Amino acid sequence: EYANYYIAKHGDDLQLLFARFADTKRDNKYRALIARLERAYPSFVRDQYLLALLRENGIAAEYDAARDVEAGVDLLITHAGQKFQLHVFLDTPRGQRGRAKKESRHAFAGKHIDLAIRRDDCKRAGAFWLPTLAHVEEIIQQMKNE
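Just so we're on the same page, this note's numbering is the position in the sequence shown counted from 1, plus 22.
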């Protein structure tokens with residue numbers, strides 16, 4: 023649904039952007055975009071769910087779309103006077119590759135926490151794999167160890 027919405031909303035811009043490609047390459051670009059959208063939306067939902075869990079458990083956390091897209095930081099947590107930049111990803115080969123790409127694409131400074139989420143440790147809601155209180159505890163432990 024999200025991919026369809028995105029294509030419908032940005033269709034004119036996408037047509038202009040992809041017009042310079044031959045038909046086969048243009049089709050490949052659309053397929054690649056749809057595949058990326060289909061991965062991005064569950065990731066966004068997972069980040070927002072974790073944000074709510076953190077806040078519900080007294081942890082000051084915030085989400086900033088620009089920070090997510092431009093700096094590769096999913097959530098920013100303030101704890102004990104320190105700021106922690108949180109990176110959340112599924113602990114799969116594709117998730118690990120994506121995290122490695124972010125690491126090489128961005129110059130990270132400050133304190134960072136990686137939260138690799140395994141599907142068998144998640145709460146399942148429809149097609150979404152969501153973090154649990156155990157993940158909140160894992161984040162707290164990582165902050166204490168910094």
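Note that the Cβ used here is the ideal one computed from N, Cα and C, for glycine as well. Because the structure is a prediction, the values reported are computed rather than measured.
Three or more C-beta pairs below 8 Å linking the region 84-103 and the region 59-74: Contact between the region 84-103 and the region 59-74 is present, with at least three C-beta pairs closer than 8 Å.
N- and C-terminal bounds of the alpha helix (DSSP H) containing residue 66: Counting along the chain, the alpha helix (DSSP H) containing residue 66 begins and ends at 45-78.
Length of the line joining the Cα atoms of residue 51 and residue 80: In this model, residue 51 and residue 80 are separated by some 43 Å (Cα to Cα).
Residues near residue 113 by beta carbon distance below 7 Å, same chain, minus five either side: 138, 139, 140, listed in sequence order.
Endpoints, alpha helix (DSSP H) assigned at residue 35: Taken as a continuous stretch (DSSP letters only), the alpha helix (DSSP H) holding residue 35 covers 24-40.
Close Cβ partners of residue 65 (< 6 Å) along its chain, the five nearest in sequence each way excluded: Excluding sequence neighbours, residue 65 sits near nothing in its chain.
Close Cβ partners of residue 146 (< 8 Å) along its chain, the five nearest in sequence each way excluded: Excluding sequence neighbours, residue 146 sits near 152.
Nearest-angstrom Cβ-Cβ length linking residue 56 and residue 25, presumed shorter than 8 Å: So it is a contact: roughly 5 Å between Cβ atoms.
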